[in-house]
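**Q** Order-wise, the sequence lines are chains A and B. For the first sequence, the numbering used here gives the first residue as 1, with consecutive numbering after it. For the second sequence, the numbering used here gives the first residue as 434, with consecutive numbering after it. Here a beta-carbon is modelled for each residue, glycine too, at the ideal position from N, C-alpha and C. There's a structure below that I have some questions on.
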Amino acid sequence: MPHPQKRNEDEAAPPPREVRRAVRTAVASCRSARWRNAAIVAICVLAMHGLGCEKLLTTKPDPGGRFDTPLPGLGNGELGDFQAGHTQFRKAFSIAQGLGPIFNNVSCASCHSGDGRGRPENILTRFSRGTDLAMDVGGPQIQSRAIPGAEPERLPAGADVSYRMPPPVFGVGLIEAITDSSILAHEDPSDANADGISGRANMVTPAPYVPATEPGGGAGPRVGRFGRKAQVSSLLQQTVEAYHQDIGMTSSYRPTENSNPLAAHPASDPAQDPELSDREVEVVMQYMRMLAPPEPGAASASRTRGATLFSSTQCSRCHVPTLHTGTHEIETLANRDVTLYSDLLLHDLGDALADNRPDGSADGREWRTAPLWGLRVAREFLNGQLFLLHDGRARSVDQAIRLHGGEATAAHDAYLAMPASDQAALVDFVESR
Amino acid sequence: MRARAFGAAVLAALLAAGAPSCVLGAALPRPGATEPSLTSPYHGTLEGLAFGGHGELRFAEDREAGVSNPDWFSVGRVNGFVFARVSPRIDLGLAGSWDRAVDHFVMERMEAAFRVRRFTQAHAGIFLVPLGSTNLDHDAPGYDFAERSLVATQLIGVPHAQLGAGVRNLARAGPASQLLWEVDLVTGYDDGIITESPGGTRIPSGRNNYGDKNGMPAVAWRVAVRSRGKELGLAAQSGQYNRTQEGGVRVDDPRWAHVLVADGRTAWAGFRLFSEAAYASIDVPPGLRDLFAQHQWGASVEAVRTLLDPLFGGWRGSAVTAGIRADAVDFDRSVQGDSRMRLSASLNLHSRPLAVTRFGWYYEIRRDRFNNSTPLAGLTLTAATYF
């Protein structure tokens, strides 16, 4: 019995003579190098057309899955500042432009990966002697790198040390716009409700160069909200100090170079101070103000379950889902809810996380509640890894929860007592924020 | 779109204007037969003097992560040269270029050459350092891609010319083989490798076109074997790049930069193949280590095929070629990331032997030091011609 395929071929009618002749002619033509080459060109052009220009010329990433997306509702002028700041944030400084003489990195973007968290190799070393910032020996931060001719700083013996991972910079405009009353409403310094959680604001004095017109500026104690211990109240101060301490760039706000007081001889970079114009500082500050937090992931049964557990285990007592903004010069920041999952207050997180180094009024066991927003896409900008907590020691949300103690002991114990499926649902919810 | 259409029209008009001079250039003999590096045609001659140049225009849709770059119409390269044979043994050469790859003017040649023997030449002045074949010959109309390779532009820093003196020689190495060698003492790189390069070590930032910065010359050399259209070359430049004293005060130890380049070309199965690879080793001051790279490398491979020659029966001198190139540069071997990888394709119409219109495409993955990738791509239309 013939093979069915073979039988079908046998039964097929032979092509007409004209077709066979045309095919023979075409084959003969293709044997000529000239036409073969022309055919290659035609195939290439058709293939490019078939693939489409969009795929050949890259496509835009999902704006909700990035850390460098502007807030919706910004005006043209604001977006112009945003773009200028975006460029400035990524600008890597050379020694000729003022980098150093001692520094930690060469640009803002060199520490904040994709405007998000940093990696352990970018970790900053803060040190002090009790409440003394140890300026005489290079405090309060080690600049571990130096330009030729300068000496990098080394950690002095006997100092109180704290390692700090670079935090995300998106959403800081919203944090700045949150009203003091919205933050202070969650304070319970004496644990009056006896739930074991006693958050308090870190009341700090802004740097003298921060004018009263700036949010968080002016005389008198202000609610600290930036930094791992909420030790800074003003975004201007945060920006100026990062340029000065981390990159070694002077500005009119901090016009004197940061140098190593223990170096054998003084050193400076070749650029004239101030190395940054006020405009450059301003556009970076405005850029960070206008950065939108990433959108949370899609809802699912697991995440709904996780949200319920997040609340029932009292995680949400400190990781407060929503705070509220007040008035702000940037309209889109004003009078809105901010879903950051933090109360921006200081909490004792126990011995395991204590750095035993005071920072402002925060003691060595207290930390500002870390916002959880943006965790959904954090891995994408960290080579698939996650570095959580102030020193990046936790490589997963599960590890981070397990390291909580102090005021979070009840939540920690509740998490450990859960079945594995509930733990997974809770982690899934947190990682979808 | 209207503006881009205007740009395309201007490009076409300029190409058309360049074509007649190419015919003239093609018909004239080339100067400097003893100089392996000087292959440019010229269109003007006076007694003992040749002059000319070439230019390239670039019309492109470049995108980074889906966002168009507004730099859609630009000059790719402009070059001018004058060459004089003042006696049977003495040549003078002057050439300068503005190159988009480095975004500034480079004096490529201001050189006096003395013919010691028939194929041996001593030379001094500013000249192209023999660091790979691309650096020695990078005229825009003679190339089949819109952009030079990443190795050439990002690692070697083509065009790379320095002040110095040396000897070059062409010798017979067999019945159909030639051995070319050149040894030079040049001013060498300066500390711009570190101080002028934001974001990490970049060799091109310290090329130092005009003069010495640290009192220490560098050695540059290249040895190449040519045989029946094939060529294999090896080249290097080594020297101290930093200043050790400022105002009489010692501020740093001597630090060296070494760049090693290998290149080769051959023909295979109807393709013209060319490859160039480079490795750089830089002694970085201790205070900058782990942020400024000490080891870099890169490589490129390209294949070009002539598809139609001539394009039509009556259009003498015309040809259509197509090329594909893959290239990569790792700016810091010690980290994952800080690298660029690119794939380029080009379809080229050589309307005259010395003018080319290229339709190209490239796709590049750029990685930062966090290893975050950013895709870049572009469609380019470039026209280059001698004049």
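Given that a residue counts as buried once 16 or more other Cβ atoms are within 10 Å of its Cβ, and exposed if not, what is P850 (chain B)?
**A** As displayed, chain B neither begins before 434 nor continues past 820, which places residue 850 (chain B) out of reach and without an answer.
**Q** Under 8 angstroms, Cβ to Cβ, is there at least one residue of chain A near G720 (chain B)?
**A** So yes, G720 (chain B) belongs to the interface.
**Q** Would the segment 124 to 138 of chain A and the segment 151 to 162 of chain A be scored as touching if the rule is three or more Cβ pairs under 8 angstroms?
**A** Flag = yes, the segment 124 to 138 of chain A and the segment 151 to 162 of chain A touch.
**Q** Sort out for me which residues DSSP pairs H390 (chain A) with in a bridge.
**A** DSSP, once it has assigned bridges, lists no residue as partnering H390 (chain A).
**Q** List, in chain order, every chain A residue whose beta-carbon is nearer than 8 angstroms to that of M811 (chain B).
**A** The amino acid occupying residue 811 (chain B) in the given sequence is Gly; Met does not appear at that position. Under the 8 angstroms cutoff, chain A gives L57.
**Q** Going by the CB atoms, is the gap between L236 (chain A) and V210 (chain A) shorter than 8 angstroms?
**A** Yes. Within cutoff.
**Q** What do you get for A334 (chain A), buried or exposed, if any count of 16 or more other CB atoms within 10 angstroms of its CB means buried?
**A** Flag for A334 (chain A) reads exposed.
**Q** Does any residue of chain A have a CB that is nearer than 8 angstroms to the CB of A555 (chain B)?
**A** Cβ-Cβ to chain A under 8 angstroms: no for A555 (chain B).
**Q** Using a Cβ-Cβ cut-off of less than 9 angstroms, give me the residues of the segment 621 to 632 of chain B that come near chain A, in sequence order.
**A** Residues passing the 9 angstroms Cβ filter: D624, G625, I627, T628, E629, S630, P631, G632.
**Q** Any idea if S252 (chain A) is buried or exposed, counting beta-carbon neighbours within 10 angstroms, 16 or more meaning buried?
**A** Exposed, by the Cβ-count rule.
**Q** Spatial neighbours of Y287 (chain A) within its chain, please: C-beta separation below 6 angstroms, excluding the five flanking residues on both sides.
**A** Excluding sequence neighbours, Y287 (chain A) sits near F82, G85, H86, F89.
**Q** What number of angstroms, rounded off, separates the C-alpha of G488 (chain B) from the C-alpha of P255 (chain A)?
**A** Cα to Cα, the separation comes out at about 46 angstroms.
**Q** Is the Cβ of Q729 (chain B) closer than 8 angstroms to any Cβ of chain A?
**A** Not closer than 8 angstroms to any Cβ of chain A, the Cβ of Q729 (chain B) fails to qualify, so no.
**Q** Run through the DSSP bridge pairs and tell me what E709 (chain B) is partnered with.
**A** According to DSSP, E709 (chain B) bridges with B:D696, B:S733.
**Q** Which chain A residues are close to Q769 (chain B), counting only those with a beta carbon under 9 angstroms from its beta carbon?
**A** Going along chain A in sequence order, the residues near Q769 (chain B) (Cβ under 9 angstroms) are N383.
**Q** Determine the chain B residues that contact S60 (chain A) at a beta-carbon separation under 8 angstroms, and present them in chain order.
**A** Per the sequence presented here, residue 60 (chain A) reads as Lys, with Ser not at that position. A498, G499, V500, listed in chain order.
**Q** Under 9 angstroms between beta-carbons, which chain B residues line up against G392 (chain A)? List them in chain order, please.
**A** Correct list: empty, because the minimum Cβ distance to chain B is about 14 angstroms.
**Q** Residues of chain A with CB under 8 angstroms from R802 (chain B), in chain order?
**A** What R802 (chain B) touches in chain A: S110.
**Q** Taking P152 (chain A) as the query, report the chain B residues whose CB atoms sit under 7 angstroms from its CB, ordered along the chain.
**A** Result: G720.
**Q** Quick check: is the beta carbon of P166 (chain A) nearer than 8 angstroms to any beta carbon in chain B?
**A** By this cut-off, P166 (chain A) is not an interface position.
**Q** Closer than 7 angstroms by beta-carbon distance: list the chain B residues that pair up with R145 (chain A), in chain order.
**A** Going along chain B in sequence order, the residues near R145 (chain A) (Cβ under 7 angstroms) are G720, L721, L724.
**Q** Write down every uninterrupted run of the beta strand (DSSP E) in the segment 628 to 688 of chain B whose length is 3 residues or greater and which is fully enclosed by it, in chain order.
**A** If we require 3 residues or more, the beta strand (DSSP E) runs fully inside the segment 628 to 688 of chain B come out as 651 to 660, 663 to 673.
**Q** Taking all protein chains shown into account, decide if T213 (chain A) is buried (16 or more other Cβ within 10 angstroms of its Cβ) or exposed.
**A** Exposed.
**Q** In angstroms, rounded to a whole number, what distance separates the CA positions of T467 (chain B) and A711 (chain B)?
**A** A caution first: T467 (chain B) carries a pLDDT of 38, below 50, which makes its placement in the model unreliable, though a value can still be read off. Whole-angstrom Cα-Cα distance: 27 angstroms.
**Q** Going by alpha carbons, who is nearest to A555 (chain B) out of B:R775, B:V562, B:A545, B:F764?
**A** Cα-wise, what sits closest to A555 (chain B) is B:A545.
**Q** Alpha carbon to alpha carbon, how far is A778 (chain B) from Y341 (chain A)?
**A** About 49 angstroms.
**Q** Taking all protein chains shown into account, decide if T818 (chain B) is buried (16 or more other Cβ within 10 angstroms of its Cβ) or exposed.
**A** By the 10 Å Cβ count, T818 (chain B) comes out buried.
**Q** Using only the alpha-carbon positions, how far apart do M290 (chain A) and P631 (chain B) sit?
**A** Each residue's alpha carbon lies about 26 angstroms from the other.
**Q** Output, in chain order, the set of chain A residues within a Cβ distance shorter than 7 angstroms of N805 (chain B).
**A** Those are S113, G114, F381, listed as they occur along chain A.
**Q** Does F93 (chain A) get closer than 8 angstroms to chain B when you measure Cβ to Cβ?
**A** At least one chain B Cβ lies under 8 angstroms of F93 (chain A).
**Q** Does the pairing of the segment 371 to 384 of chain A with the segment 113 to 127 of chain A give three or more beta-carbon distances under 8 angstroms?
**A** Yes: at least three Cβ pairs fall under 8 angstroms.
**Q** What number of angstroms, rounded off, separates the C-alpha of L353 (chain A) from the C-alpha of G364 (chain A)?
**A** In a straight line, the C-alpha of L353 (chain A) is about 9 angstroms away from that of G364 (chain A).
**Q** Determine, using beta carbons only, whether G434 (chain A) comes closer than 8 angstroms to chain B.
**A** With chain A running from 1 to 433 in the structure shown, residue 434 (chain A) is simply not present.
**Q** Consult DSSP for R785 (chain B) and reduce its assignment to one of helix, strand or coil.
**A** Reduced to three states, the DSSP call for R785 (chain B) is strand.
**Q** Using a Cβ cut-off of 9 angstroms, pull out every chain B residue sitting near S107 (chain A), in sequence order please.
**A** Simply P631, G632.
**Q** Please check if any C-beta of chain B sits within less than 8 angstroms of the C-beta of I43 (chain A).
**A** Not an interface residue.
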